[in-house]
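> So the sequence shown is numbered by full-length UniProt numbering: it starts at 1 and just counts up by one. Ideal Cβ positions, reconstructed from N, Cα and C, are used throughout, including at glycine.
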Amino acid sequence: MSGPVIDYRAVFQALPGAAALLTPDLVFADVNEAYLLLSGRERARVVGRFLFDVFPDNPDDPAATGVRNLHASLRRVAATGERDTMALQRYDVEDPERPGQWQERYWSPVNVPLLGPDGGVVLLLHRVEEVTELIRTRGIRDSGRNRALGAELYSRARELQDVNERLRRAHAREREVALHLQGAMLPALHPPGHDRAAVRYRPAAGALNVCGDWYDLVDLPGDGRTAVAVGDVVGHGLRAAGVMGQLRSALSAASRVAVGPAQALEVLDRYARSVDGAESTTAVSVFIDRAARALTYSSAGHPPPALCGPDGSVAFLDGATDPPLGARPEYAGRPQARAAFADGSVLVLYTDGLVERRHEDIDAGLGRLARSLARHRRAAPGPLADALLADLVPPAGLTDDTALVVLRL
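(1) Taking all protein chains shown into account, do 16 or more other C-beta atoms lie within 10 angstroms of the C-beta of Val218, making it buried, or fewer, making it exposed?
(2) My guess is that Asp118 and Pro394 are in contact by the Cβ rule of under 8 Å, so how many angstroms apart are they, rounded?
(3) With DSSP run on the structure shown, which of helix, strand or coil describes Ala262?
(4) Measure the alpha-carbon distance for Gly224 versus Phe287 and round it to whole angstroms.
(5) Using C-beta distances below 8 Å, list every residue in its chain close to Ile140, excluding the 5 sequence neighbours before and after it, in chain order.
(6) Where DSSP assigns a beta bridge to Arg225, which residues make up the other side?
(7) Which residues does DSSP list as the beta-bridge partners of Thr402?
(8) What residue range is occupied by the uninterrupted beta strand (DSSP E) comprising Leu347?
(9) What is the rounded straight-line gap between the Cα of Val257 and the Cα of Pro305?
(10) Roughly how many whole angstroms lie between the Cα atoms of Tyr297 and Leu349?
(11) Just the Cα atoms here: how many angstroms apart are Ser274 and Ala262?
(12) For Asn111, which beta-bridge partners are listed by DSSP?
(13) Report the partner residues of Ser298 according to the DSSP bridge assignment.
(14) Just how far apart, CA to CA, sit Leu373 and Ile6?
(15) Applying the criterion that 16 or more other CB atoms from any shown protein chain within 10 Å of the CB defines a buried residue, is Val199 buried or exposed?
(16) Looking only at C-alpha atoms, which of Arg239, Ala342 and Ala229 sits nearest to Ser252?
(17) By DSSP, does Tyr8 sit in helix, in strand, or in coil?
(18) Tell me whether Gln89 sits in a helix, a strand or coil according to DSSP, three-state version.
(19) Can you tell me the Cβ-Cβ gap for Pro310 and Gly353, rounded? I've got them flagged as a contact below 8 Å.
(20) If you reduce the DSSP assignment to three classes, tell me which class Arg338 lands in.
(21) Arg45 to Val27, Cα distance in whole Å?
(22) Are Ala18 and Leu38 touching if we call contact CB-CB under 7 Å?
(23) What residue range does the beta strand (DSSP E) around Val54 cover?
(24) For residue 429 and Pro323, I'd like the C-alpha separation in whole angstroms.
(25) Check Asp391 in the structure and name its three-state DSSP category.
(26) Compare the beta carbon distance of Arg105 and Asp92 with 7 Å and say whether it is the shorter of the two.
(27) Taking the DSSP output, what are the residues bridged to Arg76?
(28) Find the nearest neighbour of Gly326 within the set Arg49, Thr282 and Val406, judged by alpha-carbon distance.
(29) What are the partner residues of Ala19, as DSSP defines its beta bridges?
(30) For Ala29, which option in Glu94, Leu124, Leu115 and Ala240 has the closest C-alpha, if you only look at C-alpha atoms?
(31) Just reading off the beta strand (DSSP E) that Asp219 is part of, what are its end residues?
(32) Taking only three categories from DSSP, how would you classify Thr65?
(33) Alpha carbon to alpha carbon, what distance is there between Ala78 and Val314?
(34) Starting from Ala29, trace the beta strand (DSSP E) in both directions and tell me its first and last residue.
(35) In the structure shown, what three-state DSSP assignment does Arg408 receive?
(36) Here's a check: name, in chain order, each residue in its chain whose Cβ is nearer than 8 Å to the Cβ of Gly260, leaving out the five neighbours to either side.
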């Protein structure tokens, strides 16, 4: 039995709390009646206008921070797709009946993203409760103690907001340092001598969800033999970048002397047990023999590489998967498998940020990758890598950093 048809616009207008809908550019798309009543404005003077043209800072208060704080919160919500509950704010409002006269007002705002079908932020819901009377503690029973408590409440809220802002700036600085460190430790984005290969790295949209992923390309002894690998360290930030650098270098060295990818990962597993923070790292290594038209591969808990044939058929190399580093009996042999390829095939290695999405089975992400790879398979490695990222990275950005390697076989 179907339920009643709900008029969500009517529901929005009937909400008892003041609420406004803003575009990502902070233009009013709609406001409810409670918002108009609270702000003392008419709908025609609000909808379609820029938020801070309607509600600027009090020009008579050089210490005013209302615009700055609200702008920072709304831009953060638009960029991250995550809600933000702001600390108590003083934000004076011009008296609509007396232009040039400003009313001292205190607010408790919450800003929430509204997502479209593709996961991008299409609107911002700005909900606000006025707490001016609580701060002022007016009335017959007003006392010095009540005024002191109100001032203390506001002061503590401002202190909390200042601490949060300092933490955000510290996280942003750590993210920048970690990205620079990772960039210094990873091979060039356009590896010399590998004109049939392309590599890409995309950091996560979040402040610290970066720097655990790596890639590597190694020329092996023998004509036309190459080892390619990608890996993903558990954790993020500076520590993950440091662990990543150690593991990438160790696997690169091991691949040059190992008889195959399984042995290279066995060496890496032994080394990882001595590195704090390397536990449960995933990695996959593929040895390419162009003369024999064969791939030999081994995986330590990593998403399977994708092999796309000239006809568009896509196979995932999942025949030699073992637990991540440090998560299996020490020195036990790792599995290894072999797959043939035809001239003109494409091999793609990647980290899980490319295919995994919250609340979604991994098979859905692998299916998207297979379809995109088949569709763009005839492109050169660089354009193909860019096309895969364009198809698979959501508009709101990645929630985990991503490494991608594309090789034309």
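Checking against the coordinates, here is how it stands:
(1) Val218 comes out buried.
(2) Their Cβ separation, rounded to whole angstroms, is 7 Å, which keeps Asp118 and Pro394 in contact under 8 Å.
(3) DSSP places Ala262 within a helical segment (H, G or I) once states are collapsed to three.
(4) Put simply, the backbone Cα of Gly224 is about 11 Å away from that of Phe287.
(5) Residue placement at Ile140 is flagged as unreliable, the pLDDT there being 38, under the threshold of 50; the coordinate-derived value follows with that caveat. Result list for Ile140: empty, nothing under 8 Å.
(6) DSSP lists Asp289 as the beta-bridge partner residues of Arg225.
(7) Checking the DSSP bridge columns, you'll see Thr402 partnered with Arg202.
(8) Element bounds for Leu347: Val346 to Tyr350.
(9) Approximately 23 Å, taken between the alpha carbons.
(10) Cα-Cα distance, rounded: 11 Å.
(11) The straight-line gap from Cα to Cα measures roughly 19 Å.
(12) Paired residues: Asp84 and His126.
(13) Ser285.
(14) If I take the Cα positions, the gap works out to 42 Å.
(15) Under this definition Val199 is a buried residue.
(16) Answer by Cα proximity: Ala229.
(17) Three-state DSSP puts Tyr8 in a helix.
(18) Strand, per DSSP.
(19) Not confirmed; about 28 Å, so no contact.
(20) In the structure shown, Arg338 falls within a strand segment according to DSSP collapsed to helix, strand and coil.
(21) Between Arg45 and Val27, the C-alpha separation is close to 12 Å.
(22) Closer than 7 Å, so yes.
(23) According to the DSSP assignment, Val54 belongs to no beta strand (DSSP E) but to the alpha helix (DSSP H) extending over Leu51 to Val54.
(24) Past the edges of the chain, shown from 1 to 409, lies residue 429, and the structure says nothing about it.
(25) Three-state result, Asp391: helix.
(26) In contact: Arg105 and Asp92 (Cβ atoms closer than 7 Å).
(27) Looking at the DSSP assignment, Arg76 forms no beta bridge with any residue, so it has no partner.
(28) The residue with the shortest Cα to Cα distance from Gly326 is Thr282.
(29) In DSSP, Ala19 forms a bridge with Arg127.
(30) Among Glu94, Leu124, Leu115 and Ala240, the Cα nearest to that of Ala29 belongs to Leu124.
(31) Here the beta strand (DSSP E) through Asp219 covers Asp213 to Asp219.
(32) Three-state DSSP puts Thr65 in coil, outside helix and strand.
(33) Their Cα atoms are separated by approximately 36 Å.
(34) Ala29 -> beta strand (DSSP E) spans Phe28 to Val31.
(35) Residue state, collapsed to three classes: strand.
(36) Excluding sequence neighbours, Gly260 sits near Phe287, Thr296, Ser298 and Gln336.
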